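This report refers to the structure that appears directly beneath it.
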Amino acid sequence: MNKRILTLILTALFGICYNSDAQVLHYMMKKVENLVYSKWENDSEGNRCLNYYNNDYCHYLHIQDGDKTVLRPGKNTVYKRSKGELESPYKYGKTYYLYRGCFPNKKFDPFFTYALPFKDGARVRWKIDRREPKRTLLMQCESCDTVYASRSGVACRINPDKSSLLVYHNDCTFAGYMNMTECFISPGQQVNTGDPIGISNSEGLSMTIFFLDENLFADGKHIVHPYTHIMPVFRTDKGDIRLETKTIYRSVIDADILTKEMSKSERKRYLKRIQK
13 MNKRILTLIL TALFGICYNS DAQVLHYMMK KVENLVYSKW ENDSEGNRCL
63 NYYNNDYCHY LHIQDGDKTV LRPGKNTVYK RSKGELESPY KYGKTYYLYR
113 GCFPNKKFDP FFTYALPFKD GARVRWKIDR REPKRTLLMQ CESCDTVYAS
163 RSGVACRINP DKSSLLVYHN DCTFAGYMNM TECFISPGQQ VNTGDPIGIS
213 NSEGLSMTIF FLDENLFADG KHIVHPYTHI MPVFRTDKGD IRLETKTIYR
263 SVIDADILTK EMSKSERKRY LKRIQK
């Protein structure tokens, strides 16, 4: 067979496999029909309101004609037309875009320390998961398969086969846990750092941390995936560091990292409980 033809065939086959595997993150982030929807309604004063109902467990960014509105879970009034107002810029259903998440708030810290997603003392190494088109860590643990939450947040998306979990943090960042054989969490459930959330498969756990990046909207155009993926800092036996490949680390799950995002009262109760 001609080498050029063989190369094209192999490239095509590899591309098919790659795209198939790479759909996990895109599947989790794609818009779910009727999860967020709009409706014109009258308020108690007779004003005409364009309300958006966000039935997800995270924020959404609504963009129309350059105007950006954050949709919180529940009811959101995007536009209000008083009784005396005849014209509405929204009357004819102009194009708008919805993106899961919102721009990071003041709590966002690029050096925030995450727990490794395995039990305390576990030996962990990682490499880039090349099945995913965005920066994703394939984390492998020696002699362990239970996956634990690296950070507190709310579960907002789970694949039907329970192989992947999307968690939304209070600084508007996301954590994607993929490549699992089982997920213990349900949508809307609050998870805390160190909570067991699933079982990784024999290859390891695929994990990515990302956020909706305001800088990617600079030219005002619609973007398919306007998220920046970051390499987080993890707590290890070698300190709070960004992991390097070809290095084995031990997971350190201590009281400090478990209570990092707790309120003072929650932290006090937790410390009192473990000291008994």
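Per my numbering, the sequence shown starts with residue 13, numbered consecutively. Glycine is no exception: its CB is placed at the ideal position from the N, C-alpha and C atoms. Note that the coordinates shown come from a computational prediction; the quantities given were computed from them, not determined experimentally.
Reducing DSSP to helix, strand and coil, say where residue i ends up.
i	result
S94	coil
K43	coil
V236	coil
F186	strand
N191	coil
S198	coil
I286	helix
C70	coil
A230	coil
L150	strand
L83	strand
D252	strand
S277	helix
I265	coil
Between the alpha carbons of residue i and residue j, how many angstroms are there, rounded?
i	j	result
V203	R163	8 Å
F123	Y108	34 Å
Y261	F246	10 Å
A161	S277	21 Å
A187	Y180	7 Å
F85	N66	Here residue 85 is Pro; the residue named in the question, Phe, does not match the sequence. Roughly 5 Å separates the two Cα atoms.
A34	T125	Reliability of the predicted coordinates at A34 is poor, the pLDDT of 48 falling under 50, and no value is obtained from them.
L228	T185	16 Å
I265	V90	43 Å
V44	E154	37 Å
P129	K92	45 Å
M243	R285	33 Å
H241	F223	7 Å
D55	Y64	14 Å
L73	A230	15 Å
D252	T259	15 Å
M190	K80	30 Å
C29	L37	Confidence at C29 is low in this model, with a pLDDT of 32, below 50, so the placement of that residue is unreliable and no value is reported for it.
Which one of the options has the shortest CA to CA distance from residue i?
i	options	result
N182	V159, P244, C114	C114
F196	C184, N171, L110, S214	N171
C70	H38, P116, R247	P116
V236	R93, P145, G251, G86	P145
K174	S56, D266, I209	I209
T158	N213, Y111, T205, A127	N213
E273	T240, G206, A167, E45	G206
G78	H234, Y282, R254	H234
L255	W138, E154, R285	W138
A134	F222, D268, S263	S263
From the DSSP secondary-structure annotation, give me the bridge partner or partners of residue i.
i	result
S176	DSSP output for S176 lists no bridge partner at all.
C61	E53, K92
Y109	I75
I242	I221
G216	N213
**Prompt:** Any chance the segment 137-157 sits against the segment 215-224, with 3 or more Cβ pairs inside 8 Å?
**Reply:** yes
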